[in-house]
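Novice:
In structure tokens, the structure reads:
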């Protein structure tokens, strides 16, 4: 069964473009990981400070382990942290 992680980000006003560029870079990097099926992002049209990343993995254990061990994972967290208005909301799903 495909495991899906949905991450909701909200940035402080003025940092929309910063996070957008970082998420685009992240998507390009993470899509190449072995256990990643897809990794895509969206920006809320009505509230542009809000973003969503949908990450699809072959399995929860393999996907999350590989994702967290990617060297970009730490870089992403350090770069995004000062821009965030609140902690990232994570939702863990099994696709039906």
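In full-length UniProt numbering, the protein residues as written are 1 to 96. By construction, the Cβ of each residue, glycine as well, lies at the ideal position given by its N, Cα and C atoms.
(1) Could you tell me whether the Cβ atoms of residue 49 and residue 16 are closer together than 8 Å?
(2) Where do the N-terminal and C-terminal ends of the beta strand (DSSP E) with residue 67 fall, by residue?
(3) On the DSSP letters alone, give me the boundaries of the alpha helix (DSSP H) that residue 26 sits inside.
(4) Span of the beta strand (DSSP E) holding residue 44?
(5) What's the C-alpha gap between residue 45 and residue 52?
Specialist: Here's the rundown:
(1) yes
(2) Note, residue 67: premise wrong, no beta strand (DSSP E); alpha helix (DSSP H) at 60 to 69.
(3) 16 to 30
(4) Careful: residue 44 lies outside any beta strand (DSSP E) and carries neither H nor E.
(5) 12 Å
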